[in-house]
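**Q**
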Amino acid sequence: MAVSWFIGCTGSGKTTLALEHGAALVQSLNVPLLIVDSMGCAPLAKVKHFKTWEQTANAIWKDKKNAAFIPSRTESVERLFLMARRLGNCTILLDEASFWLSNRKVPRELELTYRTNLHVKNLTILNTTQNISEISPLLFQCLGGGKLYAFRCISPRTIERLEKDFGCERDRLRTLKRGEYITIDAEW
Numbered sequence: 001m002a003v004s005w006f007i008g009c010t011g012s013g014k015t016t017l018a019l020e021h022g023a024a025l026v027q028s029l030n031v032p033l034l035i036v037d038s039m040g041c042a043p044l045a046k047v048k049h050f051k052t053w054e055q056t057a058n059a060i061w062k063d064k065k066n067a068a069f070i071p072s073r074t075e076s077v078e079r080l081f082l083m084a085r086r087l088g089n090c091t092i093l094l095d096e097a098s099f100w101l102s103n104r105k106v107p108r109e110l111e112l113t114y115r116t117n118l119h120v121k122n123l124t125i126l127n128t129t130q131n132i133s134e135i136s137p138l139l140f141q142c143l144g145g146g147k148l149y150a151f152r153c154i155s156p157r158t159i160e161r162l163e164k165d166f167g168c169e170r171d172r173l174r175t176l177k178r179g180e181y182i183t184i185d186a187e188w
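Take a look at the structure:
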């Protein structure tokens, strides 16, 4: 399907919009929503959380139910992404992606899932991050028709990257109100 990014500072509304998009995909594609809840985010608390990645995987692919998981290890996130790549039929919401992805290293299973997402049946990946400059440019080359949603940004590095790579206006990024965003159709 596609990869989309929701970028902005804390409290800007990025996770709320990502969750709304995830809920819409659940309805339109008839697939469950897999939430990797990196920080125990309040808007994500409404979705049932499981203690292990295995329980989460069973909820998603066996029971076909929405499920959330707060991982403590990269290996757990990799396992879920591997299953998503092999089985498809889910929407992943990776909240605060920079916990698991960096500018220097992308775990192998996550990289493969991003690179091949367009070839997997009914797989969409929604990501949130506060700082786009912490994320490998490789992952933005894997959008496949996805979009970027830029909310209020205060990080000079994030603003610089959004301006340089995507043509966003600095002053506009700094002054967006909570819930306001700029939609960028990412064409590479």
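The letter at position 104 of the sequence shown is residue 104 when you use our numbering, and the numbering goes up by one with no holes. By construction, the Cβ of each residue, glycine as well, lies at the ideal position given by its N, Cα and C atoms. Owing to the predicted nature of the structure, the values given are computational and were not obtained by experimental measurement.
(1) Tell me the rounded alpha-carbon separation between Lys65 and Leu25.
(2) Roughly how many angstroms lie between the CA atoms of Cys153 and Ser28, to the nearest whole one?
(3) Between which two residues does the alpha helix (DSSP H) harbouring Trp53 extend?
(4) Using 8 Å as the cut-off, can you tell me whether the region 81 to 96 makes contact with the region 8 to 25, which would need three or more C-beta pairs spanning the two stretches below that distance?
(5) By the three-class DSSP mapping on this structure, what secondary structure does Ala24 have?
(6) State the CB to CB distance for the pair Trp5 and Leu148, rounded to an integer number of angstroms; the pair is presumed to be in contact (CB under 8 Å).
(7) Would a C-beta distance cut-off of 8 Å place Val36 and Leu101 closer than the cut-off?
(8) Give a yes or no on contact between the region 107 to 124 and the region 71 to 90, applying the rule of three or more CB pairs nearer than 8 Å.
(9) Can you list, in chain order, the stretches of the beta strand (DSSP E) that have 3 or more residues and sit fully within the region 97 to 179?
**A** Quick answer:
(1) 13 Å
(2) 31 Å
(3) 53 to 57
(4) yes
(5) helix
(6) 5 Å
(7) no
(8) yes
(9) 123 to 129, 147 to 150
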